[in-house]
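Residue numbers (my numbering): 2 to 686.
By construction, the Cβ of each residue, glycine as well, lies at the ideal position given by its N, Cα and C atoms.
Here is the structure we will look at.
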């Protein structure tokens with residue numbers, strides 16, 4: 002019966018509108034649900050009943066359309082609207098919002114992957130980033146906490162952010178300095194030279210030598226016996242550049258020093274090496290030009306017409322050229338002419354004796370010098386003045402104190418006398434040196450020559466691989482001046498070397514005639530011996546002087562403006578960048594990459610199965626999860642400190658609700674009318 006069809010159609014309409022109202026109600030109920038995507042219902046007709054079939058046009062007649070009666074409506078599809086929701090700032094770094102397509106990946110209690118747009122995450126007690134509503138842990142790729150490198154593309158794992166538990170330090174590789182070194186200052190061509198009283202070898206009844214046993218040491222020609230024994234401690238104290246050096250302890254022993262002592266040995270030579278280290282005296286080789294007794298200023302032209310200086314080997318000839326006290330390792334500083342400022346080291350002495358019968362005298366034959374610091378500078382010519390300069394060292398005199406009549410040089414120290422030649426510059430001036438042992442003063446040191454020259458001291462702090470700070474004293478001295486500019490030499494000293502050696506490196510800084518930085522030793526580095534400290538050793542630190550100038554000024558001033566090392570720091574906070582990289586912030590100012598959050602993308606988001614709790618699972622029609630880094634292959638970006646709000650449009654939902662209400666009422670009215678008509682029909686009977 003036709004009216005029955007009307008009843009059935011109206012009932013299907015009621016059911017369809019009821020389902021639509023259910024969806025609208027769900028949308029409105031989740032208007033404040035994080036990451037919620039609004040749903041909608043799509044209707045379609047039910048099978049129509051055909052009353053007659055249509056016919057095609059024939060002859061002069063047009064075609065006849067089929068006669069069909071619809072049998073109602075049904076739900077064709079319920080789908081989600083995956084358009085972007087608004088982002089709401091929370092200030093919580095664990096809150097993550099996806100801007101664009103994609104889902105966060107988590108694992109459920111069975112280890113199966115589930116997906117969500119709800120990024121309201123926090124750290125659990127085990128420091129995993131998780132959803133506090135269900136306990137599921139966010140997935141991504143973690144960094145190696147040794148290198149802090151992240152490798153993506155492999156299997157995802159739990160995202161761990163160990164706030165408060167992860168501690169790191171970074172050793173210093175580079176120190177950056179700024180300031181000005183006074184190019185108008187006095188050249189530092191002299192260091193302190195001090196001499197002790199004469200020591201005596203009680204065993205051989207002669208002046209002490211480097212081979213003298215410390216247990217046989219005395220002075221005053223044997224009148225004083227120090228009575229030193231194995232195990233006794235010799236202490237040295239001194240001032241350097243108006244600052245007091247630490248007191249160092251030397252143990253008379255052929256074994257390694259006991260705890261609390263700095264060095265050990267049995268001979269005077271061992272003690273001399275200890276003094277060198279304790280005072281930071283630089284005698285480390287041909288690349289150092291530091292200490293400094295001027296043994297004479299000579300005029301090449303006055304030496305005779307046969308005087309020549311040849312290239313390459315830098316061989317100097319002069320029949321009347323004499324300089325007393327010269328040693329292999331001393332250096333020559335040219336002070337005038339085209340080569341002013343050039344420095345070369347004495348490599349060999351071809352005339353070890355002279356008519357005066359004194360060793361270590363240069364004259365009447367050749368002197369061969371090692372290569373100059375700057376081989377591009379012109380070689381010396383006639384009318385060129387130069388100086389023989391004593392290198393920095395600590396030694397004991399050999400007993401030849403005779404002097405060439407009328408010479409301006411400084412002879413060797415007397416036999417048994419300890420001679421300390423310090424580094425150049427006022428800042429390296431040595432004074433108040435004391436050697437004590439067994440409650441007695443072994444000797445006093447008298448100054449033979451004072452330190453001179455422009456020099457300053459500045460401190461820098463560097464860090465080892467464990468984050469321990471080490472103070473390094475940087476001393477700068479004006480080494481030379483010439484038409485090509487000025488050269489400053491730097492000395493690095495520290496009290497933190499494991500072998501207690503103060504000297505930690507030397508190098509040079511060169512400025513052009515305009516006072517601008519020109520170059521520095523690229524291979525010269527500060528080197529700290531940190532053996533037995535647990536840190537990487539040696540700690541090598543490069544110095545960057547590119548911001549330092551060499552203008553004329555009343556004073557020099559250089560300071561560290563930056564360095565790339567850090568003390569120990571603890572992870573205190575984190576943030577997530579748009580590409581999912583997790584950046585950790587440490588209490589020492591370091592920032593490190595801790596990992597990367599993964600996003601999954603599906604070919605058909607509406608094919609996902611909703612699991613409740615804002616979770617989805619891959620469905621048969623969603624396609625496989627394409628898991629990767631945010632911002633790649635159409636995956637969205639991540640906004641840390643934000644949450645994605647529901648994309649429900651309340652106004653639109655209210656409009657749809659009114660439409661569905663009216664449609665529901667209309668279908669109900671259809672049932673009512675059909676019922677009345679059926680009643681009328683029954684009443685007719």
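Could you tell me whether the region 561-571 touches the region 492-505, using the rule of 3 or more Cβ pairs below 8 angstroms?
no
Length of the line joining the Cα atoms of residue 296 and residue 417:
For residue 296, the predicted model reports a pLDDT of 32, less than 50, meaning its position is unreliable and no value from the coordinates is stated.
Collapsed DSSP secondary structure at residue 222 in the structure displayed:
helix
Extent of the continuous alpha helix (DSSP H) to which residue 685 belongs
651-685
Considering Cα atoms alone, identify which of 159, 4, 672 and 420 is closest to residue 114.
159
Spatial neighbours of residue 279 within its chain, please: C-beta separation below 6 angstroms, excluding the five flanking residues on both sides.
237 and 249
Would residue 664 pass as a contact of residue 40 if the rule is Cβ separation under 9 angstroms?
no
What does the Cβ neighbour count give for residue 1, buried or exposed, with the cut at 16 atoms within 10 Å?
Because the chain is modelled from 2 through 686, residue 1 falls outside the range shown and cannot be assessed.
Using DSSP with H/G/I as helix, E/B as strand and the rest coil, what is residue 499?
coil
Span of the alpha helix (DSSP H), counted from its first residue to its last, around residue 179
Element bounds for residue 179: not the alpha helix (DSSP H) but the beta strand (DSSP E), 175-181.
Chain B beta carbons: is any one of them nearer than 9 angstroms to that of residue 25?
Here chain B cannot be found, since the structure has a single protein chain.
For the structure I just gave you, are there three or more beta carbon pairs, one from the region 194-208 and one from the region 633-640, closer than 8 angstroms?
no
DSSP three-state call for residue 704: helix, strand or coil?
The chain is shown from 2 up to 686; residue 704 falls before or after that span and cannot be answered.
Helix, strand or coil at residue 274 according to DSSP, with G and I counted as helix:
helix
For residue 256, does the three-state DSSP call read helix, strand or coil?
coil
Tell me, please, which residues DSSP counts as bridged to residue 483.
486
Span separating the alpha-carbon of residue 548 from that of residue 525
17 angstroms
Quick check on DSSP: helix, strand or coil for residue 56?
strand
Just reading off the beta strand (DSSP E) that residue 192 is part of, what are its end residues?
192-202
Boundaries of the beta strand (DSSP E) in which residue 587 is found, first to last residue:
582-587
Can you check which of these residues, 88, 11 and 72, is closest to residue 642 by C-alpha distance?
88
Beta-bridge pairing of residue 557 - partner residues as DSSP gives them
Residue 557 pairs with nothing; no bridge assigned.
Heavy atom of the ligand PLP less than 8 angstroms from the Cβ of residue 11, yes or no?
Summarising the ligand content, the structure contains no ligands, and the ligand PLP is consequently not present.
Is it true that the region 548-564 meets the region 605-625, where meeting means three or more beta-carbon pairs spaced less than 8 angstroms apart?
no
Backbone CA spacing between residue 241 and residue 501 [nearest angstrom]
16 angstroms
Measure from the alpha carbon of residue 223 to the alpha carbon of each residue in 209, 397 and 559, then state which is nearest.
209
Check the C-beta distance from residue 431 over to residue 423 and give it rounded, since I have them as a contact under 8 angstroms.
4 angstroms
Between the beta-carbon of residue 169 and the beta-carbon of residue 468, is there less than 9 angstroms?
yes
Cα-Cα separation between residue 20 and residue 27, rounded to whole angstroms:
11 angstroms
By how many angstroms is the C-alpha of residue 445 removed from the C-alpha of residue 434?
7 angstroms
Quick check on residue 22: does DSSP put it in helix, strand or coil?
helix
Taking the alpha carbon of residue 474 as the reference point, which residue from 466, 462 and 480 has its own alpha carbon closest?
462
Alpha-carbon to alpha-carbon, residue 119 and residue 35
5 angstroms
Please classify residue 515: is it buried, with 16 or more other beta-carbons within 10 angstroms of its beta-carbon, or exposed?
exposed
I'd like the list of long-range same chain contacts for residue 573, defined as Cβ closer than 8 angstroms, with 5 residues on each side in sequence excluded.
164, 165, 586, 587 and 588
Whole-angstrom distance between residue 483 and residue 455, CA atom to CA atom:
16 angstroms
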